[in-house]
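Following numbering that gives the first Met the number 0, the numbering of the sequence shown begins with 0 at its first residue and continues without gaps. Backbone N, C-alpha and C define an ideal beta-carbon position, used for all residues, glycine too. Let me begin by presenting the structure, written as structure tokens, before commenting on it.
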Amino acid sequence: MSVYADLGIRPLINAWGTVTAVGGSLMDPDVLDAMREAAASFVDLHVLQRRAGERIAGLLGVEAACVTAGAAAGLTLTAAACMTAQSPERASLLQPTSGLSEECLMLHPHRNRYDRAVTLGGARVVDVGGATTAPGDLHAAVTDRTAMLLYMAESEAVPGSLPLREVCAIMHEHGIPVVVDAAAEIPPRSRLLEYFDGGADLIVVSGGKQIRGPQSSGLILGKEALVARCAAIGYPNHGIGRGMKTDKETIVGLVKAVELFVRRDEAADFARWEAMADALVHRLGASDTLLARRHVPEGPGIQPAGIPRAYVTPLGRTAAEVQTRLREADPAVAVGVDGDDIAINPQCLEPDQVDLVVGAVEEACA
Ligand SMILES: *Cc1c(COP(=O)(O)O)cnc(C)c1O
0 MSVYADLGIR PLINAWGTVT AVGGSLMDPD VLDAMREAAA SFVDLHVLQR
50 RAGERIAGLL GVEAACVTAG AAAGLTLTAA ACMTAQSPER ASLLQPTSGL
100 SEECLMLHPH RNRYDRAVTL GGARVVDVGG ATTAPGDLHA AVTDRTAMLL
150 YMAESEAVPG SLPLREVCAI MHEHGIPVVV DAAAEIPPRS RLLEYFDGGA
200 DLIVVSGGKQ IRGPQSSGLI LGKEALVARC AAIGYPNHGI GRGMKTDKET
250 IVGLVKAVEL FVRRDEAADF ARWEAMADAL VHRLGASDTL LARRHVPEGP
300 GIQPAGIPRA YVTPLGRTAA EVQTRLREAD PAVAVGVDGD DIAINPQCLE
350 PDQVDLVVGA VEEACA
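Structure (structure tokens):
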């Protein structure tokens, strides 16, 4: 790995998951080949964006799609697009603010570290409800300045939340679109269409997580008119998204990644993750400095839910301390922390890395 060694950086073994801060996911060699080919010629970026969106929409079975520079960029674009719904001529402005409906409703328990992405788009987040939210709170929150509601898929099960279906029904009574942040909710693939069944108008997804496209890519999916408005202010147009560049290589790479993604054998993926989680738990079970168990997180805030993990409770150290020790170990291993446990997620792990992870965890807990 001389490109990293040249910079004095050690590669990590990723036992954490599709986490942005450690690189998201790894692209398939076919995706890299497509990007290399794309890099060899000039092309009309406007046409490429449009054709890529059409192809991806067809592959995923959704009405329309637009390639963005990530899910967070997608949130910024959807906010600006919803705010200019009544005045599309303003959609090309770099700061589509003053005089527009700028309120983005969010259920209070859905507030999170990504909600500033809609603020960047010119929206102002309006908190709805408190520890609990009643349907009446949502009705009462709608004003003539409401542009959209942002629904965090990972927070659907948080205490005080309301189901997506109910939120969409209420918002649609008022003619307000609902945007779902589903950046890291796949697998399973079927979840994407479930959000539309629930009434979502737009969803944003990362291209660089389970889809395994370029890390700096993402998708806005959904209703044709809204997606078209997002595209109109997105790269390479001179709207608020002009700086959120998706180069030709990224666009072509994401198309190829989506082609592979829809064909991937998901049952085989789950079987591989299952086998790795079992092997980790079994091997770590022999150690007397930790407790290991299999755990399938389904609760709120865990992305993606449903993948079996190995959860490790260190007996003589805190989980955070063990996490740090693993990052400093050789080879360095990235893991998650969930409460008092280290969460080992096999999503980005290869079966031949299990032994290394077991050894590193035992050493870090000792
Ligand atoms: C990762 C993530 C994002 C950002 O996605 P990028 O593609 O990295 O921009 C937004 N929201 C949630 C919930 C995420 O997990």
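- Spanning the alpha carbons of Gly221 and Asp27 requires a straight line of approximately 26 Å.
- Counting along the chain, Gly221 sits inside the beta strand (DSSP E) bounded by residues 217–221.
- When only Cα atoms are considered, Ser154 and Pro134 end up about 17 Å apart.
- The alpha helix (DSSP H) runs of length 4 or more contained entirely in the stretch 331–355 do not exist; there are none.
- Within the stretch 114–158, the runs of beta strand (DSSP E) that reach at least 3 residues and sit entirely inside it are, in chain order, 123–127, 145–151.
- In the three-state DSSP reduction, Asp180 falls in the strand class (E or B).
- With a threshold of 16 other beta carbon atoms within 10 Å, Val46 falls short and is exposed.
- A straight line joining the alpha-carbon of Ala84 with that of Arg49 spans about 20 Å.
- Shown here, Tyr310 sits in a strand according to DSSP, grouped into three states.
- Cβ contact annotation for Gly338 (same chain, cutoff 8 Å, sequence separation greater than five): Ala318, in chain order.
- Cβ atoms of Glu258 and Leu25 stay farther apart than 8 Å, at about 17 Å.
- Within its own chain, the residues whose Cβ lies closer than 6 Å to the Cβ of Val261, once the five positions on either side in sequence are excluded, are Leu58, listed in chain order.
- If you check the CB distance, Ala291 and Val311 come in under 7 Å.
- Bounds of the beta strand (DSSP E) holding Ser205 are 201–205.
- The shortest C-alpha to C-alpha distance from Val18 to any of Pro350, Glu361, Pro345 is the one to Pro345.
- Distance from the C-beta of Thr19 to the nearest heavy atom of ligand 1 is below 6 Å.
- Less than 7 Å separates the beta-carbon of Ala333 from that of Leu11.
- If you compare the alpha carbons of Ala39, Val66, Ala14, Ser86 with that of Pro213, the shortest gap goes to Val66.
- Counting only heavy atoms of ligand 1, the residues whose C-beta sits closer than 5 Å to one of them are, along the chain, Thr19, Gly69, Ala70, Ala71, Tyr113, Asp180, Ala182, Ala183, Ser205, Gly217.
- Annotation: the continuous alpha helix (DSSP H) that includes Arg282 extends over 265–283.
- Within the same chain, Leu289, Ala291, Ala309, Val311, Val357, Val360, Glu361 come within 8 Å of Leu283 by CB-CB distance, once the 5 residues on both sides are set aside.
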